[in-house]
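Here the sequence shown is numbered in this note's numbering, starting from 390 and rising by one per residue.
Using N, Cα and C, we set each Cβ at its ideal position, and we do this for glycine too.
I have placed the structure first, in the form of structure tokens, so that the comments after it can refer back to it.
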Amino acid sequence: MNKLPSDADFRAELETVLTEQAGVSASDLATAQDVARQSGQALRTVLERMGALGQKDWAQAVATAFQLPQISLDQMPLLLPDVPDLSLEYLQRHAVAPLEVTDSHAVFALADPTNAAVKTALGMLYPGNLNLNIATERDIQSAFARSAEYETPSLTEMPRPVGEGADQDVLVELANDAPTIKYVETLISQAVERRATDIHLEPMERSARVRMRFDGMLSEGIAPSLDQYPGVVSRLKILADLNIAERRLPQDGRIRHKAHGRAIDIRVATAPTVHGEAMTLRLLDTASGLSKMDDLDMPDRVKALYANALKEPNGLILVTGPTGSGKTTTLHAAMGQLNDIGRKIVTIENPVEIRTPGLIQLEVNPDLGWTFAEALRTVLRHDPDVLMVGEIRDAETAELAIRAALTGHLVLSTLHTNRATEAVTRLKNMGVADYLLSSVLRMVAAQRLVRRLCPLCAKSVTLTPDTPAHRTFQKLRSLDPDLPDLEDWALKVPQGCDSCNNTGFSGRQALFEAMGAEAALGQGKARSMGLEGLGMVARGETTMAELIRVVGAPAAWG
């Protein structure tokens with residue numbers, strides 16, 4: 390049996406761990422303790438709602454203070470054992486999961502060892518043979534949900550989702566069901582804590598599926614049961630102010646949510662499918678703006694091109710790349726570089742993903758006729774110095790952006806092209822004349838986002854000489870004289886841990902391909918993103934497979 394210290398011993402030790410290791414300030418801790426005493430809430434709950442401490446950090450803190458082992462969801466059994474003396478409702482309410490219960494011993498995971506009543510109950514039921522582990526409440530509740538899935542009847546006996554003719558009152562009742570509310574709150578909180586950018590809820594023929602996007606890649610999450618799925622969709626529709634009875638047409642909405650002390654803007658989109666409504670949630674952290682170009686970790690030559698272009702009083706700066714390649718982040722970093730009291734900076738976006746103090750930010754709505762072109766016409770009558778146009782997607786917007794650059798404004802915008810050299814061709818295809826481009830263009834850059842290896846679990850590897858892999862890397866090394874000799878490369882491979890959501894990668898790095906106006910207009914050649922990424926591979930920051938996934942095969946790096 391792993392024995393818990395007394396409450397007095399624990400209180401002192403926990404306070405030390407929380408303030409010295411978990412980063413909770415003494416004032417926040419004192420406030421949380423007062424609120425917990427007055428409201429009867431658990432200290433961990435108050436700290437989480439204050440945004441002072443996430444569930445993972447709490448679990449690590451109490452595990453350290455109590456000297457108890459900490460486990461995660463993947464270490465819990467798929468089917469939790471029955472505990473006849475404790476109801477399922479009691480276990481879930483107090484976040485206590487039975488892991489193994491036999492005549493000789495019992496093993497439990499709990500989120501809050503400060504709960505004296507729970508400790509007393511477990512100690513009385515299993516005297517002398519009780520072993521405790523620490524886990525987050527989210528993992529414990531997920532373990533219960535997963536276990537329930539294994540206990541459900543056969544799929545042919547499962548209740549079907551609410552049909553097309555369901556009464557709106559039924560949908561409202563399902564949406565306001567306590568388990569549904571709890572699932573939605575947990576889903577969003579988990580996505581925010583794990584730094585997901587999107588949540589996908591998808592009805593399948595015999596089940597529902599939930600996936601989250603981490604660093605550009607989808608990973609499966611805990612899905613609601615098939616009969617609970619309509620209630621989850623209805624709950625999210627209500628939060629997004631959508632029509633819950635309309636399931637035949639797509640809808641778009643927005644949810645303002647606060648999680649872990651951060652304001653999150655959630656864009657909601659629904660779509661009718663053959664098995665029911667699918668829903669996608671886009672999570673936008675409204676406080677994630679960058680202040681300077683230095684935050685982007687650009688190569689020196691690319692940083693110099695941007696710096697020179699941003700010093701110009703007028704002209705056009707273009708950033709190209711596919712959706713999700715970080716173009717908006719780069720543009721807002723540039724806005725941060727220019728943002729001062731002497732300039733009026735206006736952005737036209739769809740949607741406004743990063744809110745930056747000091748900027749005038751407009752959001753277009755094509756359904757109402759408020760397009761990029763209409764917004765640009767309006768903005769030009771408001772005496773701006775710098776304009777950011779979220780995207781040049783048609784000839785009208787291109788013409789207005791060029792006109793603005795000609796009339797003394799610095800204009801930054803994006804295009805959907807794969808290479809920087811393709812930007813000029815795209816504008817010409819939209820009807821922009823060569824002489825206009827040569828007058829206004831200041832620089833063109835393309836970019837991609839490549840996943841970084843998790844620094845906590847990546848494993849170093851050594852290339853064996855005279856092997857196919859060694860010869861391949863030797864050829865790649867010859868593409869760039871700036872790279873170190875192959876024996877000095879720090880190659881690594883992904884492993885996976887709790888910190889990186891078991892993906893082996895954590896965070897992303899932008900790769901850039903940039904050229905000045907003369908090179909772009911002459912269809913010059915920029916240093917490719919592939920070669921920039923090869924340097925990351927040599928430094929052990931990413932893998933060759935990840936680089937090829939993002940920018941293509943080395944044959945296209947020229």
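Just to check my reading of the structure: Leu923 and Leu872 have Cβ atoms closer than 8 Å, yes? What is that Cβ distance to the nearest angstrom?
Translated into positions along the sequence shown, residue 923 becomes position 534. Translated into positions along the sequence shown, residue 872 becomes position 483. Contact flag correct, Cβ pair sits at about 7 Å.
Spell out the partners DSSP gives Glu902 in its beta bridges.
On the sequence shown, residue 902 is found 513 positions in, with the first residue counted as 1. In the DSSP output, where bridge partners are listed per residue, Glu902 has Ala835.
Do you know how far the Cα of Thr786 is from the Cα of Leu757?
To locate residue 757, count along the sequence shown from 1; it is residue 368. To locate residue 786, count along the sequence shown from 1; it is residue 397. Computed Cα separation, rounded: 17 Å.
Spatial neighbours of Val850 in its chain, beta-carbon cut-off 8 Å, leaving aside the 5 residues before and after:
Residue 850 sits at position 461 when you count from the first residue of the sequence shown. Hits under 8 Å: Leu880, Lys881, Val882.
9 Å is my cut-off, CB to CB: does Ala915 come that close to chain B?
The structure shown contains no chain B; it is built from a single protein chain.
Restricting to runs no shorter than 3 residues, where is the beta strand (DSSP E) found entirely within the stretch 594–638?
597–603, 606–609
Tell me the rounded alpha-carbon separation between Gly797 and Ile743.
Translated into the one-based positions of the sequence shown, residue 797 becomes position 408. Translated into the one-based positions of the sequence shown, residue 743 becomes position 354. So the alpha carbons of these two residues sit roughly 26 Å apart.
Could you have a look at Leu544 and say whether DSSP puts it in helix, strand or coil?
For this step, residue 544 is matched to residue 155 along the sequence shown. Its pLDDT being 36, under 50, Leu544 is placed unreliably by the model, and nothing is read from it.
Over the uninterrupted alpha helix (DSSP H) stretch that includes Asn818, give me the two end residues.
In the sequence shown, counting from the first residue as 1, residue 818 sits at position 429. From DSSP, the alpha helix (DSSP H) with Asn818 extends over 811–818.
What are the start and end residues of the alpha helix (DSSP H) that includes Glu763?
The sequence position of residue 763 within the sequence shown is 374, counting from 1. Start and end: 761–768.
Extent of the continuous beta strand (DSSP E) run through Asp641:
As a working mapping, residue 641 is identified with position 252 in the sequence shown. Per DSSP, Asp641 belongs to the beta strand (DSSP E) from 640–648.
On the CB-based measure, 16 or more other CB atoms within 10 Å of its CB, does Leu826 come out buried or exposed?
The sequence position of residue 826 within the sequence shown is 437, counting from 1. Classification of Leu826: buried, given that the 10 Å Cβ count is 16 or more.
Within 10 Å of its beta-carbon, does Leu477 have 16 or more other beta-carbons around it, so buried, or fewer, so exposed?
Counting from 1 along the sequence shown, the entry for residue 477 is found at position 88. Exposed, because fewer than 16 other Cβ atoms sit within 10 Å of the Cβ of Leu477.
Measuring only the C-alpha atoms, how far is Val496 from Val622?
Counting from one through the sequence shown, the residue named residue 496 turns up at place 107. Counting from one through the sequence shown, the residue named residue 622 turns up at place 233. The straight-line gap from Cα to Cα measures roughly 36 Å.
Per-residue DSSP class, three states only, for Met687:
If you number the sequence shown from 1, residue 687 lands on position 298. Met687 falls in the coil class under three-state DSSP.
Chain-order list of residues whose beta-carbon lies under 7 Å from that of Arg866 (same chain, five-residue window excluded)
Here residue 866 is taken as the residue at index 477 of the sequence shown, counted from 1. Within the same chain, and ignoring the five residues on either side of Arg866 in sequence, the residues whose Cβ sits closer than 7 Å to its Cβ are Leu872, Leu875.
By the DSSP assignment, the beta strand (DSSP E) with Ser802 in it spans what residues?
Working through the sequence shown from its first residue, we reach residue 802 at position 413. From DSSP, the beta strand (DSSP E) with Ser802 extends over 799–804.
Specify, as a first and last residue, the run of the beta strand (DSSP E) that Ala660 falls within.
Start at 1 with the first residue of the sequence shown, and residue 660 comes out as number 271. From DSSP, the beta strand (DSSP E) with Ala660 extends over 651–662.
Please work out which residues of its chain come closer than 6 Å, Cβ to Cβ, to Ala450, disregarding the five sequence neighbours upstream and downstream, and give them in chain order.
Taking the sequence shown and counting its residues from 1, one reaches residue 450 at position 61. The answer, listed in chain order, is Val406, Leu407, Ala411.
Going by alpha carbons, who is nearest to Asp488 out of Glu701, Leu499, Thr509?
The residue given as residue 488 occupies position 99 in the sequence shown. It is worth fixing the name first, because residue 488 is Leu in this sequence and not Asp. Comparing Cα positions, the closest option is Leu499.
State whether the stretch 437–449 contacts the stretch 508–521, with contact taken as three or more CB pairs (one from each stretch) at a distance under 8 Å.
no
8 Å CB neighbourhood of Glu907 in its chain, flanking five on each side removed:
Within the sequence shown, residue 907 is the residue found at index 518, counting from 1. Taking Glu907 as the centre and dropping the five residues before and after it, the same chain places the C-beta of Gly913 closer than 8 Å to its C-beta, in chain order.
Beta-carbon proximity list for Ala927, same chain, < 6 Å, skipping 5 on both sides:
Here the question's residue 927 lines up with position 538 in the sequence shown. Leu872, Trp878, listed in sequence order.
Determine the contact status of Ala401 and Ala421, defining contact as a CB-CB distance below 9 Å.
The residue given as residue 401 occupies position 12 in the sequence shown. The residue given as residue 421 occupies position 32 in the sequence shown. Result no, Cβ atoms of Ala401 and Ala421 do not sit closer than 9 Å.
Does the distance from the CB of Arg624 to the CB of Asn565 come in under 9 Å?
Counted from its first residue, the sequence shown places residue 624 at position 235. Counted from its first residue, the sequence shown places residue 565 at position 176. Yes, they are a contact pair.
Across which residues does DSSP place Gln459 in a beta bridge pair?
The residue you call residue 459 lines up with position 70 of the sequence shown. Its beta-bridge partners are Ile523.
N- and C-terminal bounds of the alpha helix (DSSP H) containing Met513
Reading the sequence shown from its first residue, position 124 is the one you call residue 513. Unbroken alpha helix (DSSP H) run through Met513: 505–514.
CB contact flag (His646, Ile653, <9 Å):
Residue 646 sits at position 257 when you count from the first residue of the sequence shown. Residue 653 sits at position 264 when you count from the first residue of the sequence shown. Their beta carbons are under 9 Å apart, which means His646 touches Ile653 by this criterion.
Can you find the residues in the same chain that come closer than 6 Å, C-beta to C-beta, to Arg598, ignoring five residues on each side of it along the sequence?
Sequence index remark: in the sequence shown, residue 598 carries index 209 (1-based). Around Arg598: Glu591, Ala612.
If we call anything under 9 Å between Cβ atoms a contact, is Ala667 one with Asp641?
Position 278 of the sequence shown, counted from the start, is the residue given in the question as residue 667. Position 252 of the sequence shown, counted from the start, is the residue given in the question as residue 641. No, these two residues do not count as a Cβ contact at 9 Å.
Does the stretch 803–816 come into contact with the stretch 687–704, if we say contact requires no fewer than three beta-carbon pairs (one atom in each stretch) closer than 8 Å?
no
Exposed unless 16 or more other CB atoms sit within 10 angstroms - verdict on Asn632
Looking up residue 632 in the sequence shown gives position 243. Asn632 comes out exposed.
If we count the other Cβ atoms within 10 Å of its Cβ and call it buried at 16 or more, is His721 buried or exposed?
Working through the sequence shown from its first residue, we reach residue 721 at position 332. Result: buried.
With a threshold of 16 other CB atoms inside 10 Å of the CB of Met513, please say whether the residue is buried or exposed.
For the purposes of this step, residue 513 is identified with residue 124 of the sequence shown, where counting begins at 1. If you draw a 10 Å sphere on the C-beta of Met513, you find fewer than 16 other C-beta atoms in it, and that means exposed.
Does the distance from the CB of Ser578 to the CB of Ala524 come in under 9 Å?
In the sequence shown, counting from the first residue as 1, residue 578 sits at position 189. In the sequence shown, counting from the first residue as 1, residue 524 sits at position 135. Contact check for Ser578 against Ala524 fails: the beta carbons are separated by 9 Å or more.
From the DSSP output, in three-state form, read off Ala421 for me.
Here residue 421 refers to the residue found at position 32 of the sequence shown. In this structure, Ala421 counts as helix in the three-state DSSP scheme.
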